[in-house]
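Residue numbers (my numbering): 15 to 410.
The C-beta atom is built at its ideal place from N, Cα and C for all residues, glycine as well.
Report on the following structure.
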């Protein structure tokens with residue numbers, strides 16, 4: 015039998031088992047908060063379309079009244095929060111912004127912290143699973159980063175263009191982090207957000223494994239764009255290390271500027287409640303300019319900003335003027351008028367300089383070679399002083 019037919023039969027059997035389990039699940043306890051699946055799914059293509067067409071609710075939270083009654087309900091809520099942390103980052107960011115130093119634990123915080131996050135709105139959020147479009151001719155990825163004093167994050171969208179010219183954008187993934195407790199400037203936080211976006215994009219591209227026509231990275235910080243167009247060695251350590259890492263993950267031509275009001279990553283940096291986010295098209299679809307033809311990015315000059323200049327390394331220029339100092343010879347001649355003694359003093363001076371420059375230290379009596387070199391040095395020095403004009407004329 016053909017190996018391909020054998021593989022398809024195995025796949026069909028696995029799908030039948032999955033459908034049977036799903037049917038049993040729906041029969042055991044059907045409720046409004048669970049997904050209802052059709053029972054007659056005979057073809058693989060039908061199963062795929064049905065699963066992708068469903069606007070599935072991912073998180074089912076227990077009623078607020080049950081939170082204080084049983085430990086089982088509290089454990090169920092904790093499980094929901096752990097699952098939520100992977101996808102709905104904006105809610106966790108909202109919680110951490112309220113209290114950075116408190117661990118996310120419902121048993122300790124119970125309903126007080128829960129209400130500050132406003133988790134009940136999660137039940138109203140529907141996330142589409144299928145991110146591609148039919149009859150696609152062009153696929154692009156666009157990532158956005160933003161930061162504030164509370165948190166910073168990155169979000170990635172896919173942009174599909176069909177044969178008819180229809181453009182669709184959908185959310186792919188996002189990631190956020192709470193800003194450190196140690197005070198740090200906003201431009202540095204913006205740079206950290208850009209690094210988070212570069213790393214996230216570097217991981218997502220091979221996972222999607224799609225024929226991408228373009229990958230663009232967006233930030234609303236002109237200072238960060240100026241840093242990314244510089245050589246890392248020209249910047250201080252904190253900025254230099256992050257700029258070098260970003261440049262190794264992506265090229266500078268991929269970075270572009272976006273206005274703050276059109277930046278969907280602003281939701282990650284400031285946090286949002288679930289009910290407010292449900293109808294936020296900027297978060298789910300991205301900015302409106304992605305639905306139009308995107309022009310080439312503008313070139314932004316280096317901003318004349320105090321923060322930008324503080325991150326630049328200072329280049330100290332040292333100028334040295336070479337002059338001939340003849341005071342040493344005059345002082346040496348003032349010590350004695352004995353020629354042999356003068357040669358010996360100069361020999362000891364030459365030995366001292368040589369011992370300072372080399373590891374092999376010479377000790378003991380002066381050698382004939384040292385005395386001869388000292389005499390030659392003295393003669394050259396006297397000639398360069400007495401016949402300076404003649405020597406210059408001969409050199410020309």
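In terms of Cβ geometry, residue 325 and residue 249 form a close pair [threshold 8 Å]. The C-beta distance from residue 183 to residue 299 rounds to 5 Å, short enough to fall under 8 Å.
With a cutoff of 8 Å on beta-carbon distance, residue 161 and residue 207 are scored as near each other. Three or more Cβ pairs closer than 8 Å define a contact, and the region 261 to 276 falls short of that threshold against the region 165 to 185. For the 8 Å CB-CB criterion, residue 359 and residue 385 do not form a contact.
Every alpha helix (DSSP H) stretch that sits fully inside the region 171 to 231 and reaches 4 residues is listed by chain position as 200 to 222.
Shortest Cα-Cα distance from residue 323 to any of 238, 171, 176 involves 238. Burial state of residue 202 is buried, judged by a 10 Å Cβ sphere holding 16 or more other Cβ atoms.
When the five nearest sequence neighbours on each side are left out, the beta carbons in the same chain lying within less than 6 Å of the beta carbon of residue 256 are those of 205, 209, in order along the chain.
Secondary-structure assignment with DSSP links residue 393 through no beta bridge to anything. If you look at residue 404, you'll find it in the alpha helix (DSSP H) that goes 402 to 409.
Excluding the 5 residues flanking it on each side, residue 189 has same chain C-beta neighbours closer than 7 Å at 103, 167, 168, 210, 214, in chain order.
Bridge pairing for residue 153: 174 [DSSP]. At a cut-off of 4 residues, the continuous stretches assigned as alpha helix (DSSP H) that sit fully inside the region 238 to 315 are 251 to 263, 280 to 284, 288 to 291, 295 to 299. Within the DSSP bridge table, the entry for residue 383 names no partner. DSSP places residue 354 in the uninterrupted alpha helix (DSSP H) bounded by 353 to 371. Sequence-distant partners of residue 373 (beyond 5 residues in either direction) whose C-beta falls short of 6 Å from its own C-beta are missing from its chain.
Non-local beta-carbon contacts of residue 397 in its own chain, meaning distances under 8 Å to residues more than five positions away in sequence, involve 405 in chain order.
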